[in-house]
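First comes the structure, then the notes that go with it.
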Amino acid sequence: MTSEKTKRRQKRDEQVRQYFAELEAKYPQWRLDALLDKTAERFPPISAATVSAILNKSGIYK
Numbered sequence: 004m005t006s007e008k009t010k011r012r013q014k015r016d017e018q019v020r021q022y023f024a025e026l027e028a029k030y031p032q033w034r035l036d037a038l039l040d041k042t043a044e045r046f047p048p049i050s051a052a053t054v055s056a057i058l059n060k061s062g063i064y065k
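Each residue of the sequence shown is one higher than the last, beginning at 4 in my numbering.
Structure follows, in structure tokens:
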């Protein structure tokens, strides 16, 4: 059984992936770290490192 907290995290992670993909398409000239930072700004309190983990589906972000 999936807890509410896990469901909320999964929903947020999907939104992070979608927003990152939109930024990547809109600003193809941006470096990866700029895309990660901008995405992290949109979803506080996560950091650029957390965004990277979400995108790579590592750790608990699978």
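A virtual CB, placed ideally from N, CA and C, is assigned to each residue, including glycine. Just so we're clear, the structure is a prediction, and the values are computed from it rather than from any experiment.
Through-space distance from residue j to residue i, alpha-carbon basis
i, j, result
"Ala28", "Lys65", "23 Å"
"Arg11", "Lys60", "16 Å"
"Gln13", "Ile63", "10 Å"
"Pro31", "Glu25", "10 Å"
"Thr1", "Pro47", "Residue 1 cannot be examined here, being either before or after the span of the chain that is shown, 4 to 65."
"Trp33", "Lys41", "10 Å"
Pick from the options that is closest to residue i, judged by C-alpha positions
i, options, result
"Leu35", "Phe23, Arg45, Gly62, Ser6", "Phe23"
"Gln18", "Glu7, Lys8, Arg45", "Arg45"
Rounded Cβ spacing between residue i and residue j (contact assumed at less than 8 Å)
i, j, result
"Ile57", "Arg20", "7 Å"
Contact check, residue i vs residue j, beta carbons under 7 Å
i, j, result
"Ser55", "Leu38", "no"
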